[in-house]
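Enquirer: Per the working numbering, the sequence shown runs over residues 1 to 422.
Every residue, glycine too, gets a C-beta built ideally from N, C-alpha and C.
Bear in mind the structure is a predicted one, so any value in this text is a computation, not a measurement.
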Amino acid sequence: MEELARLEQEKRKKAEQLASLPPMQVTISSPANQSRVENESIGLAGLVSGGTGVSRVVVTLNGTEVSRLQERSPLRSMPVNLPVKLREGQNTLVVTATDADGLIQQEVRTVHYEKRAPLMVAFRYPEDRSRVNEETSVVAALVTSSKGVAKVSVILNGAEVHQQSERSPQSSVAVTAPVTLKEGANAIVVNAIEADGNARQEIRTVFYDRPKETVAAPKKPLPDPPRERWAVVIGVGRYESPEVRYTVPDAEAIYETLIKSAGFKKDHVLLLTDRSERRPTLRNVKWALGTFLARSAKKDDTVIIFFAGHGAPEVDQRGVERDGFSKYLVPTDAEPDDLYSTALPMDELQTIFARLEAQRVVVFLDACYSGAAGGRTFASKKTRSAHVDDLFLERATSSKGRAIITASRPSEVSIELPDLGH
């Protein structure tokens, strides 16, 4: 019992002694926090003291350990003195101390290393001793200094022509100044001054040779723009009734002939069939003829239009046609009993021709318009006629440079031959 009491008393005494000890402190005397230096190497100086005695001090720079001081017997104080090599820009120094009881204390310093750069004037333009044949020119230069550039001036032949001052000196200043040269030699000086008054200048000599007056040669006439060729090829076979078997093969054969044998550019030929990406609906047919060709073909270009599919007549409500029938080209979405709103009137070709700037337009129509049974004709039963004239074709081709070639006369039937597949 006496032994336990003695140990307890010693323990209390030791605790009282520890409580009376000053806490461990890490003091860094150099460098100051957030300091800026121009030298790559600096000295780290400091002192670690207090606590139960310093047993270990570790120094890291930018996360990498650069020094470790360790004592078996803790010291009341431990000085820290060592050189450190900084990287350009921001650097973080950390001093970590541990006392005999394992208590840790840290101190951090941030140091900025700005590499020393002397005052420099770098001419960008003009080159020294260059010769120019224009009276007006420009001076371009870059002035740099780690101390900061306070003022820059440009002097031409002894007279200041440009000056710029910086309220807060900058490490880099771009200079651009227009100048008017005299005939012969010209001296250009860029003068720069640092914040502390230190100055530097660079000189360039430029020769201005006034151009001799010459009589301009007559301009050659511009060559004629290249003549392009454009085409829209339409093949409609898929109707509700009756279907046409070989219109799509006909259109595809014409398309292949144009881009291969005839040498048309592929992006100059538009194909509309039941099997193509763009189907031969009324909207697509009008877009191809009245928009694609109108926006693409120029005055000296040639345009080819090929249509294979049904033609159809409808009673002429206007009283214009001698035979009493209006004629239509029939797209895939046409309705026999409503051709006016679902098919393409032949008179619409005049409107389409008027939209085209091209002066050479040739139309191939592989269709018929009588409404007779068989062949490439399509009509309501009440509008079939064996007496269809070609006045509508005469109207369509009345303007210059327009030609229409048909597979049959208007009152005839355009026949498909299974033996040929066309």
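Measure how close the beta-carbons of V425 and D99 come, nearest whole angstrom, since I'm counting them as under 8 angstroms.
Expert: As shown, the chain starts at 1 and ends at 422. That puts residue 425 outside it, with no answer to give.
Enquirer: Report the option in R210, V138 and K298 whose CA atom is closest to the CA atom of F353.
Expert: Closest by alpha carbon: K298.
Enquirer: Can you give the beta carbon distance from A141 to E166, rounded, assuming they're within the 8 angstroms contact cut?
Expert: The pair is not a contact, with the Cβ atoms about 15 angstroms apart (cut-off 8 angstroms).
Enquirer: Going by CA-CA distance only, name the one from G237, T205 and V48 that's closest to V132.
Expert: Nearest of G237, T205 and V48 to V132, Cα basis: T205.
Enquirer: Ignore the nearest five residues each way along the sequence and tell me which others in D300's own chain have a CB closer than 6 angstroms to its CB.
Expert: Cβ neighbours of D300 beyond the five flanking positions: R227.
Enquirer: Whole angstroms are fine: how far does the CA of K212 sit from the CA of S130?
Expert: About 18 angstroms.
Enquirer: Using 10 angstroms around the beta-carbon of S399, count the other beta-carbons present and answer buried if the total reaches 16, otherwise exposed.
Expert: Counting Cβ neighbours within 10 Å, S399 comes out exposed, since fewer than 16 surround it.
Enquirer: So, is A5 buried or exposed, given that buried needs 16 or more other C-beta atoms within 10 angstroms?
Expert: By the 10 Å Cβ count, A5 comes out exposed.
Enquirer: For R87, which residues in the same chain have their Cβ closer than 7 angstroms to its Cβ, ignoring the five residues on either side in sequence?
Expert: Once the five neighbours on either side are set aside, the close Cβ partners of R87 are N62 and Y113.
Enquirer: Within a Cβ cutoff of 7 angstroms, which residues of the same chain sit near P331, ignoring the five residues on either side of it in sequence?
Expert: Once the five neighbours on either side are set aside, the close Cβ partners of P331 are V236, P280, T281, L282, V285, A343 and L344.
Enquirer: If you run the structure through DSSP and keep just helix, strand and coil, what is P313?
Expert: Correct three-state label for P313: strand.
Enquirer: Does the beta-carbon distance from I254 to G309 come in below 8 angstroms?
Expert: No; because the gap between Cβ atoms is not below 8 angstroms, this pair is not in contact.
Enquirer: On the DSSP bridge assignment, give the partners of T52 in chain order.
Expert: None, per the DSSP bridge assignment.
Enquirer: Would you mind sorting R68 into buried or exposed? The rule is 16 or more other CB atoms within 10 Å of its CB.
Expert: Result: exposed.
Enquirer: Report, in whole angstroms, the separation of the C-beta atoms of V152 and V190, which I expect to be a contact under 8 angstroms.
Expert: Yes, they are in contact, since the Cβ atoms of V152 and V190 sit about 7 angstroms apart, within 8 angstroms.
Enquirer: List in chain order: all unbroken beta strand (DSSP E) runs of 3+ residues lying wholly within the region 213-260.
Expert: Correct list: 229-235.
Enquirer: Select from T144, D267, K147 and P126 the residue whose C-alpha is nearest the C-alpha of V138.
Expert: Ranking T144, D267, K147 and P126 by Cα distance to V138 puts P126 first.
Enquirer: With the cut-off set at 8 angstroms, would you say S41 and K85 are in Cβ contact?
Expert: Contact flag set, yes.
Enquirer: Figure out for me which residue from V57, R56 and I193 has the closest Cα to the Cα of S168.
Expert: Here the closest residue by C-alpha is I193.
Enquirer: I need the DSSP call for G46, collapsed to helix, strand or coil.
Expert: Residue state, collapsed to three classes: strand.
Enquirer: Starting from S341, trace the alpha helix (DSSP H) in both directions and tell me its first and last residue.
Expert: Start and end: L339 to T342.
Enquirer: Within its chain, find whatever has a CB closer than 6 angstroms to the CB of P178; leave out the 5 residues flanking it on each side and keep chain order.
Expert: Correct list, in chain order: V138.
Enquirer: Excluding the five sequence neighbours on either side, which residues of its own chain have a C-beta within less than 6 angstroms of the C-beta of S172, listed in chain order?
Expert: If we look at S172 and ignore the five residues flanking it on each side, its Cβ neighbours are T144.
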